[in-house]
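Peer 1: Got a structure for you, written out below as structure tokens; questions coming shortly.
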Amino acid sequence: MGDTILEILNSQQRGNGLVYHYCSLSALVGILQTQELRMSSLYWMDDPGEMFWLAKIIRKEIQTLPHLDRHVKEFVQFLEQDDLPNIYCCSFSRHSDLLSQWFRYADEGYGFSIGFDRNLFDLGPHACGGNTAFWTDMDYSKSQQTAQAQRFVVALKNSDGGAISEMLRRMYLTLATAYKNPLFREERETRLVYRGVPTSGFDFFYRRGRDLVPYIKFPFPKEAIRQIRFGPRNKNRRNRDGVRALLQKHLYEVDQIRLTASRIPHR
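No gaps in the numbering here: position 30 of the sequence shown is 922 in this note's numbering, and each next residue is one more.
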């Protein structure tokens, strides 16, 4: 069953090109200085219901069953929990120059998008302690989401509870991070996902009004950064020299990192 999860997630990968993390100037400085990315709790993402998007589709399919065995009812109760296990993720886009991303995540166009080669990330349990991490490209297709939910319900119905039901719960928690409302399709999101609290613990940072959002730190190798794009309103030429100097200070291979400007015309 674990292999099935990996097969499903791997089938959703849309190539191994660069993925782009949109951020403000202060975030860029922090990322380059620490050589770390912040992975925020999925429950504090912009769409608070996205963790339960797949659950809603699965419940709809379960309602078509003529009879619900005890373990199926218990699984429905599991889906309705508000305190599911900790899941952390860092969001990227497969598009380096997307207007909506600039204004939502990169200081209204004054920020940056950082292009990472995701193949160079260490996803092993020693990276941040505890469990392994994984990449997933978000799936926005309602038909594919429904088909996956149907396969899931068939497996649940044919099980007799016990270890299989527990495996299906873990499978759900993994798959739920990969499906999203089709209205977000234009984001072309890719996620780096980590499940559970690492042995090194987690920190907190203040974000969005009075919300205290948990996050963990995930390291990356310097050579994973391949491009830094300046936002459409980030037209200060001195910033390019400043970014180059910052890269040199922290021993990045500057000649291997493309510094490019947004192609979007904007004041």
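Here a beta-carbon is modelled for each residue, glycine too, at the ideal position from N, C-alpha and C.
Being a predicted model, the structure only gives us computed values, none of them experimental.
Grouping DSSP H, G and I as helix and E and B as strand, with all else coil, what is S903?
Peer 2: Note on S903: pLDDT 49, under 50, position unreliable in the model; the coordinate value appears next. Three-state DSSP puts S903 in a helix.
Peer 1: Going residue by residue through the stretch 918-972, where are the continuous beta strand (DSSP E) segments of at least 3 residues, counting only ones entirely within it?
Peer 2: DSSP runs (the beta strand (DSSP E)) wholly in the stretch 918-972: 928-933.
Peer 1: Please confirm if the stretch 989-1005 is in contact with the stretch 910-925, defined as three or more CB-CB distances below 8 Å between the two stretches.
Peer 2: They touch, by the three-pair rule.
Peer 1: So, at 7 Å on beta carbons, what are the nonlocal neighbours of V1146 in its own chain, with the 5 sequence-adjacent residues on each side left out?
Peer 2: R1136, L1139 and Q1140.
Peer 1: Measuring only the C-alpha atoms, how far is F970 from Q955?
Peer 2: When rounded, the distance between both Cα atoms is 15 Å.
Peer 1: Determine, using beta-carbon pairs with one atom in the stretch 1104-1121 and one in the stretch 924-932, whether at least three such pairs fall under 8 Å.
Peer 2: Output reads yes: the stretch 924-932 touches the stretch 1104-1121.
Peer 1: Whose CA, out of C982, Y980, F944 and L990, lies closest to the CA of V968?
Peer 2: For V968, the nearest C-alpha among the options comes from F944.
Peer 1: Apply the 10 Å Cβ neighbour rule to G894 and answer buried if 16 or more other Cβ atoms are within range, or exposed otherwise.
Peer 2: Here the model assigns G894 a pLDDT of 45, short of 50, so the residue's position is not dependable, and the following value carries that caveat. When all chains shown are included, G894 counts as exposed.
Peer 1: If we ignore side chains and look at the alpha-carbon of each, how far apart do T1152 and W994 end up?
Peer 2: Distance between the alpha carbons of T1152 and W994: 15 Å.
Peer 1: DSSP has H913 in a bridge; who is on the other side?
Peer 2: DSSP lists I1006 as partners of H913.
Peer 1: Which residue from C915, V911 and G941 puts its Cα closest to that of F1076?
Peer 2: It is G941 whose Cα lies nearest to the Cα of F1076.
Peer 1: Would you give the residue range spanned by the alpha helix (DSSP H) that S992 belongs to?
Peer 2: From DSSP, the alpha helix (DSSP H) with S992 extends over L991 to Y997.
Peer 1: State the start and end residues of the unbroken alpha helix (DSSP H) segment that holds Q1148.
Peer 2: Run containing Q1148: none; DSSP gives neither H nor E here.
Peer 1: If you follow the beta strand (DSSP E) that F1026 is in, where does it begin and where does it stop?
Peer 2: Segment A1025 to D1029, the beta strand (DSSP E) holding F1026.
Peer 1: For L934, which residues in the same chain have their Cβ closer than 6 Å to its Cβ, ignoring the five residues on either side in sequence?
Peer 2: Here the set comprises M943, I979 and C981.
Peer 1: In chain order, what residues of the same chain lie with their CB nearer than 8 Å to the CB of S1051, ignoring the 5 residues before and after it?
Peer 2: H963, S1057 and L1060, listed in sequence order.
Peer 1: Between the C-alpha atoms of L990 and I923, what's the straight-line distance to the nearest angstrom?
Peer 2: Their backbone Cα atoms lie some 21 Å apart in a straight line.
Peer 1: How about G1007 and Y912: are their beta carbons less than 8 Å apart?
Peer 2: Yes, they are a contact pair.
Peer 1: I'd like to know whether the C-beta atoms of E1081 and F984 end up nearer to each other than 8 Å.
Peer 2: Their beta carbons are under 8 Å apart, which means E1081 touches F984 by this criterion.
Peer 1: Considering only residues of the same chain and omitting the five flanking positions on each side of Y914, which have a CB-CB separation below 6 Å?
Peer 2: Closer than 6 Å at Cβ, skipping near neighbours: Q993, Y997, A998 and S1005.
Peer 1: If the criterion is Cβ atoms closer than 8 Å, does the pair P1074 and Y1107 meet it?
Peer 2: No, these two residues do not count as a Cβ contact at 8 Å.
Peer 1: According to DSSP, which residues form a beta bridge with S985?
Peer 2: In the DSSP output, where bridge partners are listed per residue, S985 has Y912 and E1081.
Peer 1: Give me, in chain order, the residues of the same chain whose beta-carbon lies closer than 6 Å to that of H987; leave out the 5 immediate sequence neighbours on both sides.
Peer 2: These residues qualify, in order along the chain: R1080.
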